[in-house]
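One structure below.
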Amino acid sequence: RVVSLAARFRVAHREAAATGGLAVGRSVRRLDALYAGTVHIARGGRWRGWYMHSQYHNLAEVLSTMQAKGITIASIEGELGANTPRPHSCGQAKRLAHGVQKAARSALALSQPSGLAGTPAGLQSRRHPC
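Structure (structure tokens):
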């Protein structure tokens with residue numbers, strides 16, 4: 089569960105960054121408005137599960153869960169060194185660009201009461217080296 093939350097957190101903040109990002113909040117509002125405004129009542133009932141569990145709704149849920157735990161993209165980037173003097177070295181830039189998921193996973197593990205709660209027992213002893 090921790091790895092999944094961290095991965096979805098990274099996707100919500102880093103996917104399509106060159107084109108302005110995924111705009112999760114705007115997309116969720118658009119899907120909700122389309123669902124609420126449908127003229128196909130019978131189809132709306134059958135499709136409710138899909139609408140409420142769309143990729144954008146899943147990403148929005150992760151963002152609210154992480155924010156409730158006090159984990160934001162600003163805190164993660166701060167941990168990775170975004171506040172260091174500029175220009176960033178190649179290593180610093182790489183950490184900022186590619187270290188979000190690992191840092192989010194670490195922050196989640198620290199926010200859990202038992203450290204690795206939600207991690208299957210077999211994975212607790214085999215930590216990924218990266």
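Position one of the sequence shown corresponds to residue 89 (the numbering used here), numbered consecutively onward.
Heads up, the beta-carbon is just placed ideally off N, CA and C, and yes, glycines get one too.
Endpoints, alpha helix (DSSP H) assigned at residue i
| i | result |
| --- | --- |
| Ala111 | Looking at the DSSP string, Ala111 is not in any alpha helix (DSSP H), and its letter there is neither H nor E. |
| Glu165 | 161–168 |
| Gly133 | 129–140 |
| Lys157 | Element bounds for Lys157: n/a, residue is neither H nor E. |
| Ser194 | 188–199 |
| His176 | From DSSP, His176 is part of no alpha helix (DSSP H); its letter is neither H nor E. |
Contacts around residue i, its chain only, beta-carbon distance under 7 Å, and the 5 residues preceding and following it disregarded
| i | result |
| --- | --- |
| Ala77 | Shown here, the chain extends from 89 to 218; a query on residue 77 therefore has no answer. |
| Arg100 | For the record, residue 100 in the displayed sequence is Ala; it is not Arg. Counting only Cβ-Cβ distances below 7 Å, and skipping sequence neighbours, we find Leu110, Val112, Leu147, Val150, Leu151. |
| Gln180 | Gly169, Thr172 |
For residue i, the nearest candidate out of the options (CA to CA)
| i | options | result |
| --- | --- | --- |
| Gly166 | Tyr123, Leu184, Ser177 | Leu184 |
| Arg102 | Asn171, Ala162, Arg131 | Ala162 |
| Val90 | His128, Gly179, Thr153 | Thr153 |
Contacts around residue i, its chain only, beta-carbon distance under 6 Å, and the 5 residues preceding and following it disregarded
| i | result |
| --- | --- |
| Lys157 | Ser199 |
| Gly187 | Leu168 |
| Gly108 | none |
Cβ shell of residue i (< 8 Å), same chain only, five flanking positions each side left out
| i | result |
| --- | --- |
| Leu119 | Tyr139, Ser142, Tyr144, His145 |
Classification of residue i by the beta-carbon crowding that lies within 10 angstroms, buried from 16 upward
| i | result |
| --- | --- |
| Arg114 | exposed |
| Leu168 | buried |
| Arg98 | buried |
| Arg117 | exposed |
| Arg96 | buried |
| Ile129 | exposed |
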